[in-house]
Every structure is written in structure tokens, then in C-alpha cells.
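For reference, the structure discussed in these notes is given below.
In this note's numbering, the protein residues as written are 18 to 276.
This is the structure in C-alpha cells:
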């Protein structure tokens with residue numbers, strides 16, 4: 018039997034909701050090339066705002082990492098938290114590259130990802146429910162991370178792993194639907210091929226899953242080390258992680274627009 022890990026525990030619960038969050042009608046339409054540009058534009062605009070929240074949460078997580086003051090060797094310096102630091106640096110580079118990619122594709126395919134008014138002010142009514150739930154979750158973690166003395170990085174790391182995991186699984190499912198569809202040219206799609214040609218391949222490449230797997234390994238190792246020192250801590254750590262997982266799935270499921 019495989020050893021217990023936090024991520025396998027989380028994935029074993031809320032399976033129906035995980036399926037709904039990764040196999041939506043929006044994703045199926047994206048795979049078939051039938052999403053209208055207006056729907057894609059609105060979703061991309063909200064996803065871009067999610068990225069900004071992701072960046073801000075990265076800053077909060079960086080603040081609570083307890084980096085070694087005086088490492089005596091490379092092995093001693095290579096702690097869970099220094100490896101999390103490296104992952105976050107890569108994540109910030111990736112999210113900025115992703116935002117530029119969004120804008121390039123939007124320009125190329127005539128997608129409008131601006132949901133501000135004439136004065137450049139965000140129109141709150143145009144935020145989808147999933148984005149609002151993410152913003153609420155991110156705000157709750159800002160305080161929680163700073164208050165938890167044990168593994169203060171836990172909640173933030175669970176959020177980043179979970180959202181990347183769901184995103185990869187969702188678009189991988191969409192890719193399988195696209196691969197199984199009858200052949201037609203990208204130019205025949207309602208969006209001109211933006212989803213099938215640009216976005217779906219971008220969100221299902223090998224580099225992405227390696228990125229997700231790296232964080233999953235760090236998360237599981239960090240929790241395993243804490244539990245090895247004191248098994249009595251397990252229940253509390255799991256409860257904290259489950260809170261994040263459940264709210265994350267709520268936000269992810271609500272992030273896909275109805276079509």
C-alpha cells in the first residue's frame with residue numbers, strides 16, 4: 018500500500034465536485050471550437066484578474082517562509098522552505114509570461130479582455146462568481162498564514178498546488194475531447210482557433226505538469242516531516258488543508274461560465 022500523503026488524501030475526497038470542476042460544459046465547448054468570442058473574452062478578463070490575486074498571494078507566502086539564517090552545508094540549506102522559495106520565483110515568472118501570452122492571443126484573435134469602465138475602473142458586476150470566491154479565499158489566507166505558527170506556508174501552498182492541479186486536469190480533459198472530435202480546421206471555430214490552437218496546447222504541456230508535480234512533492238514532504246516529529250499534529254494540519262481544498266473547489270467550479 019502506498020504511504021499516506023496529504024495530496025492523495027485531499028484528492029480522495031470531494032470527487033464529484035472535482036469532476037465538475039474539471040469537466041464543465043465550458044471546457045467541452047472550448048474543445049469543440051464552439052465558444053463565442055464574447056464568452057471567451059469575459060472569461061479571460063476574469064482569469065487575468067485571478068492572476069493578479071495569485072501574484073499578491075505569492076507575496077504573502079514569501080513573507081512567511083522561514084529561511085535558514087546560517088546554513089552549514091548545501092543539504093542543510095536545501096529545506097522545504099528554500100525549495101518553496103525557488104518554486105514561487107518560477108511561479109511568478111510563469112504567471113507574468115502567461116499574462117503576456119493572454120494579451121498576445123487576445124490581440125491576434127480579436128478578444129476583448131477589458132472589463133473596466135470608461136475611467137479605467139473595474140466594474141465589479143462583471144466579475145464572475147468564481148473570481149469573487151477566489152478573492153475571498155485569498156483574503157482569508159493572508160491572515161491565516163501569519164497566525165499559524167506550525168507550517169505557516171501550508172494554506173498558501175495547498176492553494177497553489179490545488180488550483181494548478183485542477184487547471185491542468187481541466188484542460189487535459191478538454192484536450193482529450195478535442196483530440197476525439199471530428200477533424201475541422203481551426204479557422205472554422207467560432208473563436209478562429211484561439212482555444213484549440215493556442216490556449217489548450219499551452220495549458221497541457223509537459224512543463225506544466227512537471228511544475229505542478231514539483232509543488233505536490235514539496236507539499237507532501239513538508240507535511241510528512243512535521244508529522245514524523247509529532248503524529249498528533251496530523252489532524253490539525255489535515256483540517257487546515259481540507260478547509261482550503263473545499264473552498265478552492267467551490268471557486269474552481271464556479272469559475273467556468275455557463276454556456
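The beta-carbon is built from N, C-alpha and C at its ideal position, and this holds for glycine as well. Please read all numbers here as calculations on a predicted model, not as lab measurements.
Ordered along the chain, which non-local residues of its own chain (more than five positions away) have a Cβ less than 6 angstroms from that of residue 83?
-> 98
DSSP state of residue 18 mapped onto helix, strand, coil | coil
Option in 234, 248, 230 and 185 with minimal Cα separation from residue 40 = 185
Are the region 250–267 and the region 162–181 touching by the rule of at least three beta carbon pairs closer than 8 angstroms?
-> yes
Starting from residue 275 and walking both ways along the alpha helix (DSSP H), at which residues does that stretch end?
-> First-last for residue 275: undefined, no H or E at that position.
Using only alpha-carbon positions, find the residue among 24, 19 and 36 that is nearest to residue 236.
-> 24
In three-state terms, what does DSSP make of residue 96?
-> coil
Below 8 angstroms CB to CB, which residues in the same chain sit around residue 274 once its five sequence neighbours on both sides are set aside?
-> 43, 56, 59, 60 and 145
Closer than 8 angstroms to chain B by CB, residue 273 | Protein chains in the displayed structure number just one, and chain B is not present.
Backbone secondary structure at residue 51 - three-state DSSP | coil
Own chain, CB closer than 6 angstroms to residue 233, minus 5 neighbours either side, in chain order = 24 and 178
Roughly how many angstroms lie between the CA atoms of residue 201 and residue 101, to the nearest whole one?
-> 43 angstroms
Closest by C-alpha distance to residue 37, when choosing among 225, 208, 231 and 191 | 191
Nearest to residue 239 by alpha carbon, out of 103, 96 and 117?
-> 96
Contained alpha helix (DSSP H) runs [length at least 4] in the region 24–89, N- to C-terminal order = 32–39, 42–49 and 54–81
If you run the structure through DSSP and keep just helix, strand and coil, what is residue 133?
-> strand
Buried or exposed by the 16-neighbour rule on C-beta atoms within 10 Å, applied to residue 224 | exposed
Residue 122 and residue 211 look like a contact to me (Cβ under 8 angstroms); what is the Cβ gap, rounded to whole Å?
-> 6 angstroms
At what residue ranges does the region 171–251 contain a whole run of the alpha helix (DSSP H), taking only runs of 4 or more?
-> 171–196 and 223–246
Within 10 angstroms of the Cβ of residue 119, are there 16 or more other Cβ atoms? Answer buried if so, exposed if not.
-> buried
Cut-off 8 angstroms between Cβ atoms - residues of its own chain near residue 45, not counting five sequence neighbours on either side = 191 and 194
Note down, in chain order, each residue of its chain lying with its Cβ closer than 7 angstroms to the Cβ of residue 63, except the 5 sequence neighbours on either side.
-> 144, 145 and 148
What are the partner residues of residue 139, as DSSP defines its beta bridges?
-> 133
The region 70–78 / the region 102–112 touching (three or more Cβ pairs under 8 angstroms) = yes
From this set, 231, 31 and 189, which residue's C-alpha is nearest residue 260's C-alpha?
-> 31
Same chain only: Cβ atoms within 7 angstroms of residue 34, ignoring 5 sequence neighbours per side | 266 and 270
Excluding the 5 residues preceding and the 5 following residue 264 in the sequence, name in chain order all residues of the same chain whose CB lies nearer than 6 angstroms to its CB.
-> 154
Reference residue 75, options 105, 87 and 180, closest by Cα | 105
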